[in-house]
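Chemist:
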Amino acid sequence: MPWQNQAPLGPVSACPLSGRRLLNGLRVFPHTESGTIPTWVGVGGSPESVVRTARHGFALMLAIIGGDVARFAPFSELFGRALAEFGQPVRPVGVHAPGHVAATDEQAWEEFLPHLEKTMRKVSAERGFRPPTRAELMRDVAPGGALHVGSPETVARKIADSLRTLGATRFDLKYGMAGMAHAHVL
């Protein structure tokens with residue numbers, strides 16, 4: 001559901017759940033040529049968030065940071081069913097996943113994985129879960145895994161496979177990782 005460039009319809013109110021200001025009826029600047037801004041909602045694996053996205057008629061962006069990509073296929077299917085149930089038009093599904101491209105698979109792994117490991121140790125300590133092992137990260141780098149890391153051919157193949165597996169039409173590669181050398185992310 002794109003934002004529309006319209007005059008405000010009345011006073012701005014607060015969302016009863018979060019207390020944040022609602023954006024209903026507010027004008028968006030700068031104006032776009034089409035008058036709309038396509039809006040996607042990122043979800044990380046909760047069926048409730050998928051259904052909520054469909055209820056509001058937004059496009060769905062599956063945020064996949066680990067594990068098997070195929071485990072998200074039921075969310076794509078749920079999204080399609082929920083859109084139909086809510087009388088919403090068909091909306092696209094996209095994938096947002098981390099990755100890194102280098103000349104060879106091995107070079108990409110060497111440049112990316114140490115920084116991902118460090119980041120995951122920090123995040124897991126903050127959020128109370130066990131950090132992934134190197135073996136688990138290597139499974140995520142393998143075909144079907146969530147990490148799109150490798151040579152250009154490897155990453156292109158994984159992106160195409162992920163899109164096909166999830167019935168998605170858009171792929172956003174979260175490129176780079178905290179601490180990576182600038183030369184490696186160019």
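For the sequence shown, this note's numbering gives the first residue as 1, with consecutive numbering after it.
All residues carry an ideal CB built from backbone N, CA and C; glycine is no exception.
Keep in mind the model is a prediction, meaning the values are calculated, not measured.
Could you give the C-beta distance for Gly177 and Phe112, rounded to a whole number, given that I count them as a contact under 8 Å?
Modeler: Counting from one through the sequence shown, the residue named residue 177 turns up at place 177. Counting from one through the sequence shown, the residue named residue 112 turns up at place 112. Before going further, note that residue 177 is Met rather than Gly in the sequence given. That pair is a contact at about 6 Å.
Chemist: Give me the Cα-Cα distance between Val185 and Phe79, rounded to the nearest whole angstrom.
Modeler: In the sequence shown, counting from the first residue as 1, residue 185 sits at position 185. In the sequence shown, counting from the first residue as 1, residue 79 sits at position 79. Whole-angstrom Cα-Cα distance: 34 Å.
Chemist: Measure the C-alpha to C-alpha separation of Ala142 and Val123 and round it to an integer number of angstroms.
Modeler: As a first step, residue 142 must be located in the sequence shown, where it is residue number 142. As a first step, residue 123 must be located in the sequence shown, where it is residue number 123. Computed Cα separation, rounded: 23 Å.
Chemist: Got a sec, what are the start and stop residues for the beta strand (DSSP E) His100 sits in?
Modeler: Position 100 of the sequence shown, counting from 1, holds the residue named residue 100. Segment 93–101, the beta strand (DSSP E) holding His100.
Chemist: Rounded to whole angstroms, what's the CA-CA distance from His56 to Phe86? Just pull it up for me.
Modeler: Position 56 of the sequence shown holds residue 56. Position 86 of the sequence shown holds residue 86. Cα to Cα, His56 sits roughly 9 Å from Phe86.
Chemist: So what does DSSP say about His31, is it helix, strand or coil?
Modeler: Walking along the sequence shown from the start, residue 31 turns up at place 31. Looking at His31 - three-state DSSP - the assignment turns out to be coil, as it is neither helix nor strand.
Chemist: Hey, quick one: how far does the beta strand (DSSP E) through Arg20 stretch, first residue to last?
Modeler: Start at 1 with the first residue of the sequence shown, and residue 20 comes out as number 20. Run containing Arg20: none; DSSP gives neither H nor E here.
Chemist: Assuming the contact rule is C-beta atoms closer than 8 Å, Val149 and Ala108 should be a hit. Round their C-beta distance to whole Å, please.
Modeler: Indexing the sequence shown from 1 puts residue 149 at position 149. Indexing the sequence shown from 1 puts residue 108 at position 108. Right, the Cβ-Cβ distance comes to about 5 Å (below 8 Å), so this counts as a contact.
Chemist: Nearest-angstrom Cα distance between Ala156 and Ser76?
Modeler: Numbered from 1 along the sequence shown, position 156 holds the residue referred to as residue 156. Numbered from 1 along the sequence shown, position 76 holds the residue referred to as residue 76. Distance between the alpha carbons of Ala156 and Ser76: 21 Å.
Chemist: For Ala70, which three-state DSSP category applies?
Modeler: Within the sequence shown, numbered from 1, the residue matching residue 70 stands at position 70. It is helical.
Chemist: Which one of Gly45, Ala70, Gly44 has the shortest CA to CA distance from Gly167?
Modeler: Numbered from its first residue, the sequence shown carries residue 167 at position 167. Among Gly45, Ala70, Gly44, the Cα nearest to that of Gly167 is on Ala70.
Chemist: When the Cα atoms are used, what is the spatial distance from Ala97 to Thr169?
Modeler: Here residue 97 corresponds to residue number 97 of the sequence shown, with the count starting at 1. Here residue 169 corresponds to residue number 169 of the sequence shown, with the count starting at 1. Whole-angstrom Cα-Cα distance: 14 Å.
Chemist: May I ask you to report which of helix, strand or coil DSSP gives Leu9?
Modeler: Numbered from 1 along the sequence shown, position 9 holds the residue referred to as residue 9. Since pLDDT at Leu9 reaches only 43, below the 50 mark, its modelled position is unreliable, and the value read off the structure follows with that caveat. Looking at Leu9 - three-state DSSP - the assignment turns out to be coil, as it is neither helix nor strand.
Chemist: From Gly67 to Val93, what distance separates their C-alpha atoms?
Modeler: One-based indexing of the sequence shown puts residue 67 at position 67. One-based indexing of the sequence shown puts residue 93 at position 93. Their Cα atoms are separated by approximately 19 Å.
Chemist: For Lys158, which of Arg127, Glu110, Lys118, Val95 has the nearest alpha-carbon?
Modeler: Here residue 158 corresponds to residue number 158 of the sequence shown, with the count starting at 1. When each option's Cα is compared against that of Lys158, the closest is Val95.
Chemist: My assumption, with CB atoms under 8 Å, is that Thr32 sits in contact with Val43. Please give the rounded CB distance.
Modeler: Within the sequence shown, the letter at position 32 stands for residue 32. Within the sequence shown, the letter at position 43 stands for residue 43. About 25 Å; that fails the 8 Å criterion.
Chemist: Give the DSSP-derived three-state secondary structure of Thr154 in the structure shown.
Modeler: On the sequence shown, residue 154 is found 154 positions in, with the first residue counted as 1. Helix.
Chemist: For Asp172, write down the residues that DSSP places opposite it in a beta bridge.
Modeler: Counted from its first residue, the sequence shown places residue 172 at position 172. Note: Asp172 sits in a beta bridge opposite His96.
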